[in-house]
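Undergrad: Add 85 to a position in the sequence shown, counting from 1, and you land on the number used in the working numbering.
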Amino acid sequence: MYTTLKIGIDADGIATITIDVPDRPMNVFTPALTADLGAAITALGADASVRGVLITSGKSSFIAGADIKDIASAYDRGIAPTVAYQWSQTLSQTFRRLETIGKPVAAAINGVALGGGLELALACHYRVLADDAKAVVGLPEVKIGLLPGAGGTARVPRLIGIAAAAKLMTDGSSVTPAEALRMGLVHELAPRGEVASRARAWLMGKPEAMAPWDRKGFRIPGGAGLTNAAIAQTFSIGTALITKSAGRNYPAPGEILSALYEGTTVPFELALKLESKHFARLLTGAVARNLMRTLFLHKGELDKLSRRPPGEPKVELKRLGILGAGMMGAGIAHVAALAGVEVVLIDATDGQAVRGKAHAERQLARDVEKGRRSAESAAQVLARITATSDYAGLAGCELVVEAVFEDRAVKAEVTRRALQVMSKDAVFASNTSTLPISGLAAASPRPAQFIGIHFFSPVERMPLVEIILGKKTRPATLARALDFVGLLKKTPIVVNDSRGFYTTRVFGAYCHEGQAMLAEGVDPALIENAGRLAGMPVGPLAVTDEVSLELQYRATRQAMEDLGERFVPPVSMPVLTHFVEDLQRLGRKSGGGFYDYPADGPKRLWTGLAQHYPRAPVQPSVEQVKQRLLHIQALEAARCYEEGVVTTAAEADVGSILGIGFPAWTGGTLSYIDTLGVARFVGDCEKLSRTVGRRFKPPRGLKARATSDTPFHPRPATGDAA
Ligand code: NAI
86 MYTTLKIGID ADGIATITID VPDRPMNVFT PALTADLGAA ITALGADASV RGVLITSGKS
146 SFIAGADIKD IASAYDRGIA PTVAYQWSQT LSQTFRRLET IGKPVAAAIN GVALGGGLEL
206 ALACHYRVLA DDAKAVVGLP EVKIGLLPGA GGTARVPRLI GIAAAAKLMT DGSSVTPAEA
266 LRMGLVHELA PRGEVASRAR AWLMGKPEAM APWDRKGFRI PGGAGLTNAA IAQTFSIGTA
326 LITKSAGRNY PAPGEILSAL YEGTTVPFEL ALKLESKHFA RLLTGAVARN LMRTLFLHKG
386 ELDKLSRRPP GEPKVELKRL GILGAGMMGA GIAHVAALAG VEVVLIDATD GQAVRGKAHA
446 ERQLARDVEK GRRSAESAAQ VLARITATSD YAGLAGCELV VEAVFEDRAV KAEVTRRALQ
506 VMSKDAVFAS NTSTLPISGL AAASPRPAQF IGIHFFSPVE RMPLVEIILG KKTRPATLAR
566 ALDFVGLLKK TPIVVNDSRG FYTTRVFGAY CHEGQAMLAE GVDPALIENA GRLAGMPVGP
626 LAVTDEVSLE LQYRATRQAM EDLGERFVPP VSMPVLTHFV EDLQRLGRKS GGGFYDYPAD
686 GPKRLWTGLA QHYPRAPVQP SVEQVKQRLL HIQALEAARC YEEGVVTTAA EADVGSILGI
746 GFPAWTGGTL SYIDTLGVAR FVGDCEKLSR TVGRRFKPPR GLKARATSDT PFHPRPATGD
806 AA
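Right, here's the structure in full:
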């Protein structure tokens with residue numbers, strides 16, 4: 086009668102519940118599992134022959150937590166606050182029934198136990214955890230904008246004290262078995278194969294079937310309530326730390342602290358109810374919805390190559406050619422070799438190619454040093470990369486990626502040379518970050534087999550790849566590019582051709598706006614801080630220094646040449662030109678740009694900025710600067726959508742967060758517009774267009790959306806409390 090678990094009762098009266106959710110690689114709390122567990126607790130509670138209950142998993146892990154995909158898709162149907170509260174209460178009360186079943190309950194945690202999985206174990210009277218590096222435990226809900234809603238905020242502080250509980254939950258990171266034992270989250274560690282027998286042995290010892298907090302006279306370790314100085318400090322310092330690390334953009338850490346504070350000054354049953362109230366507030370708010378929808382639902386779909394044209398046969402990539410062994414080419418060679426692909430890495434001279442391969446060698450040596458890889462495996466990976474200046478090596482490659490200088494003539498030359506050697510059915514890709522693909526494809530007699538595969542720097546760390554379709558790119562070429570990205574375990578978005586495609590356009594808008602403000606006399610420290618407070622990883626001036634002012638200047642000059650009369654100079658043009666042509670401050674690589682980079686300390690804003698761009702007597706507020714920096718990017722994304730450059734809101738969102746660090750709390754560029762409300766966003770932009778510049782003028786399609794009240798993503802039916 087159960088579909089997600091099995092129950093066996095042995096001769097000693099020990100009932101073993103083995104959780105094994107069908108069709109899932111890991112156990113997650115589906116509605117069926119919650120129902121089965123509830124029914125099992127009722128049945129075992131009533132069965133007089135049962136003297137103890139053991140809970141374990143039929144998979145290699147214990148339970149990985151909630152079914153995020155299920156929650157994320159529920160948003161489109163709408164989650165009312167009362168429903169959200171009930172979701173939390175259903176699980177929470179089920180666990181409470183287990184805890185108060187009147188018979189001892191032990192958890193044999195044979196592997197990873199996260200979120201609801203750990204909360205279930207915490208409701209057991211005894212916990213044995215596998216002493217295995219992979220068997221980490223934790224409460225990562227904060228990472229999806231939530232809090233542990235199945236008793237976590239009530240049990241953990243009662244078990245390990247408020248300060249340690251606050252850290253565990255606001256951090257969201259997992260702890261190792263040894264750490265879990267030290268903290269007191271579990272009672273015992275055992276070899277993986279023995280967790281069940283040890284838990285059973287405890288049950289056989291006729292232990293008391295009661296949680297510590299249900300015993301008379303129980304006190305929270307370390308105390309509770311604001312009259313306790315140490316606890317008061319935990320909450321005041323905690324709030325300050327949270328504001329510093331998460332900014333005010335993420336409500337979950339604050340709600341966790343509130344749940345802990347309120348929940349530890351009231352009886353246990355009430356703490357569970359208060360927790361559900363805070364959980365419901367987060368679940369029905371915009372931030373949790375945005376995080377889950379974009380980073381789990383949509384990213385998950387893209388990772389499964391949802392944009393792959395159906396029916397195209399899969400060509401296994403065995404050999405990859407790379408032209409240009411510079412920063413990008415070397416990085417791509419490294420990640421491809423790690424994925425098991427043979428790589429031919431070509432540069433103008435053998436020496437330059439070898440220097441490119443040395444990048445992989447350094448990274449692999451570091452892996453070996455840190456114990457992440459054996460020396461033998463590192464040598465195998467490195468042996469897959471052949472560094473050469475000889476194009477003949479491209480003969481057997483199914484795919485060749487070009488990453489030479491961002492110069493049309495150089496790219497055309499290497500394309501021609503490569504195509505002379507490549508087989509007729511091989512695909513040629515460019516890693517250009519700005520040049521339109523259809524134009525580059527003109528250098529190939531086979532433009533149908535030409536495509537853009539745009540990696541981000543540093544290649545090893547950046548999870549996104551932007552695939553750009555040229556006008557003539559055929560579906561089989563797209564399929565091969567996507568298979569390559571899938572092999573590297575990166576997330577692909579597919580966009581249509583445009584200068585700067587999607588991500589570089591949006592990213593450029595951020596950089597340009599920062600420079601425009603500098604020219605207006607806005608305090609550069611205000612610009613930079615506002616960027617970070619909005620949730621961007623770095624300020625617009627700092628990031629321009631990183632990619633180099635020279636690169637932006639060159640890209641702008643190239644656009645000017647290519648477009649002639651149609652060229653519209655970006656608002657940053659005067660600043661870029663002044664820095665590159667007059668001041669020769671080209672960015673970080675060349676010693677300094679908007680910042681100085683002293684050898685003996687952290688970077689600091691260049692003191693000359695005030696002389697070249699005197700401060701205006703009246704400064705905008707932080708909120709105004711934040712708004713300009715985020716709105717201009719979202720507006721550019723909306724233009725890309727309207728022009729058909731990016732074709733789904735999901736890709737626009739995922740691409741903006743993973744590719745350029747647009748703040749995750751927004752759910753991405755178009756989700757940001759939805760979160761504010763399209764009409765309000767358009768109204769803001771119209772005002773900015775009048776006061777700041779015409780670049781804020783909203784495009785026609787966006788205005789039509791505002792009028793017809795049509796968001797980019799389906800609007801939840803009810804319950805948007807943000
Ligand atoms: P880089 O300057 O580090 O490397 C370019 C390499 O191409 C150099 O090693 C150079 O020797 C080689 N090269 C030049 N002419 C050649 C020829 N005729 N034959 C063979 N090799 C030749 O440049 P980077 O940063 O690696 O950029 C390469 C491409 O990747 C550019 O198209 C750039 O727009 C794009 N890109 C760059 C990103 C970045 O953050 N730097 C990010 C994404 C794309």
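Each residue gets a CB set at the ideal place from its N, CA and C atoms; glycine is no exception.
Three or more C-beta pairs under 8 Å: does that hold for the segment 383-395 against the segment 507-520?
TA: Touching, no.
Undergrad: I'd like to check one pair, Pro-654 with Ser-583: are the Cβ atoms closer than 8 Å?
TA: Cβ distance not < 8 Å, so Ser-583 and Pro-654 don't count as in contact.
Undergrad: Check each candidate in Ile-148, Glu-446, Val-429 and Asp-492 and name the one with the smallest Cα separation from Ser-474.
TA: Among Ile-148, Glu-446, Val-429 and Asp-492, the Cα nearest to that of Ser-474 is on Val-429.
Undergrad: Out of curiosity, what's the CA-to-CA distance linking Val-426 and Ser-675?
TA: One C-alpha to the other measures close to 35 Å.
Undergrad: Which of the three DSSP states, helix, strand or coil, is assigned to Ile-745?
TA: Correct three-state label for Ile-745: helix.
Undergrad: Quick one: residues in its chain with C-beta nearer than 8 Å to the C-beta of Pro-110, no 5 flanking neighbours on either side, listed in chain order?
TA: Around Pro-110: Lys-144.
Undergrad: Between Lys-442, Ala-193 and Ser-542, which has its C-alpha nearest Trp-287's C-alpha?
TA: Per the Cα distances, Ala-193.
Undergrad: Once the 5 residues before and after His-444 are set aside, which same chain residues still bring their CB inside 6 Å of it?
TA: So the qualifying residues of the chain are Ala-415.
Undergrad: Quick check on the DSSP output: the beta strand (DSSP E) that includes Pro-577 runs from which residue to which?
TA: Counting along the chain, the beta strand (DSSP E) containing Pro-577 begins and ends at 576-581.
Undergrad: Looking at Asp-216: is its Cβ nearer than 8 Å to the Cβ of Ala-169?
TA: Taking 8 Å as the Cβ cut-off, Asp-216 and Ala-169 do not qualify as a contacting pair.
Undergrad: On the criterion of 16 or more Cβ atoms from any shown chain inside 10 Å, does Asp-608 qualify as buried, or is it exposed?
TA: Classification of Asp-608: buried, given that the 10 Å Cβ count is 16 or more.
Undergrad: Taking a contact to mean a Cβ-Cβ separation below 8 Å, would you say Asn-195 touches Ile-148 in this structure?
TA: Contact flag unset, no.
Undergrad: Give a single yes or no on whether Ala-529 has its beta carbon closer than 7 Å to a heavy atom of ligand 1.
TA: One point to set straight first is that residue 529 is Ser, not Ala, in the sequence displayed. No.
Undergrad: Output yes or no for whether 8 Å exceeds the beta carbon distance between Asn-375 and Gly-98.
TA: The answer is no: Cβ separation not under 8 Å.
Undergrad: Which residues does DSSP pair with Gly-537 in a beta bridge?
TA: Beta-bridge pairing links Gly-537 to Ser-515 and Ile-553.
Undergrad: Among Pro-297, Asp-492 and Met-289, which has the Cα closest to the Cα of Leu-525?
TA: The shortest C-alpha separation from Leu-525 is found at Asp-492.
Undergrad: As an exercise, report each continuous beta strand (DSSP E) stretch of at least 3 residues that is fully enclosed by the segment 247-319, in chain order.
TA: Correct list: 273-275.
Undergrad: May I have the straight-line CA-CA distance separating Gly-826 from Lys-91, to the nearest angstrom?
TA: Residue 826 is absent from the structure shown; the chain starts at 86 and stops at 807.
Undergrad: Could you tell me whether the segment 181-190 touches the segment 264-274, where touching means 3 or more Cβ pairs closer than 8 Å?
TA: Touching, no.
Undergrad: Thinking C-alpha only, which one of Ala-296, Pro-625, Val-213 and Thr-261 is nearest Val-221?
TA: The candidate whose alpha carbon is nearest that of Val-221 is Thr-261.
Undergrad: Within this structure, are the beta carbons of Gly-246 and Gly-202 separated by less than 8 Å?
TA: Not in contact: Gly-246 and Gly-202 (Cβ atoms no closer than 8 Å).
Undergrad: Using only alpha-carbon positions, find the residue among Gln-669, Ser-177 and Thr-319 that is nearest to Leu-359.
TA: That would be Ser-177, whose Cα lies nearest to the Cα of Leu-359.
Undergrad: Should Phe-541 be listed as close to ligand 1, given that the test is whether its C-beta is under 7 Å from any heavy atom?
TA: At least one heavy atom of ligand 1 is nearer than 7 Å to the Cβ of Phe-541, so yes.
Undergrad: Buried or exposed: where does Ile-229 fall if 16 or more other Cβ atoms within 10 Å of its Cβ makes it buried?
TA: The residue is buried, with at least 16 neighbouring Cβ atoms inside 10 Å.
Undergrad: Thinking C-beta only, is Leu-345 closer than 8 Å to Leu-572?
TA: Going by C-beta atoms, Leu-572 is not nearer than 8 Å to Leu-345.
Undergrad: With which residues is Arg-689 paired in a DSSP beta bridge?
TA: Beta-bridge pairing links Arg-689 to Asp-681.
Undergrad: Going straight from the alpha carbon of Cys-725 to that of Ile-153, what length do you get?
TA: If you take the alpha carbons of Cys-725 and Ile-153, they lie about 30 Å apart.
Undergrad: Quick one: is the Cβ of Gly-409 within less than 7 Å of any heavy atom of ligand 1?
TA: Correct: Gly-409 has its Cβ closer than 7 Å to ligand 1.
Undergrad: Quick one: measure Cβ to Cβ for Ala-208 and Gly-234, integer angstroms, because I've assumed they're closer than 8 Å.
TA: Not confirmed; about 13 Å, so no contact.
Undergrad: Between the C-alpha atoms of Ala-806 and Ala-218, what's the straight-line distance to the nearest angstrom?
TA: Residue placement at Ala-806 is poorly supported in this model, since its pLDDT is 37, which falls under 50; the coordinates are not used for a value here.
Undergrad: Contact check, Ala-749 vs Ile-758 under 8 Å by CB: the rounded distance?
TA: With 8 Å as the limit, Ala-749 and Ile-758 do not qualify as a contact, their Cβ atoms being about 16 Å apart.
Undergrad: Is Asn-516 closer than 8 Å to Met-377 when the C-beta atoms are compared?
TA: No. Outside cutoff.
Undergrad: Fully enclosed by the segment 121-165, which beta strand (DSSP E) runs are 3 residues long or longer?
TA: DSSP runs (the beta strand (DSSP E)) wholly in the segment 121-165: 137-142.
Undergrad: Heavy atom of ligand 1 less than 7 Å from the Cβ of Thr-507, yes or no?
TA: It should be noted that the sequence gives Met, not Thr, for residue 507. No, Cβ of Met-507 sits at least 7 Å from all heavy atoms of ligand 1.
Undergrad: Return yes when at least one heavy atom of ligand 1 lies under 7 Å from the C-beta of Asp-432, else no.
TA: Checking the Cβ of Asp-432 against ligand 1 gives yes.
Undergrad: Looking at the unbroken alpha helix (DSSP H) that takes in Thr-588, where does it start and where does it end?
TA: Taken as a continuous stretch (DSSP letters only), the alpha helix (DSSP H) holding Thr-588 covers 588-605.
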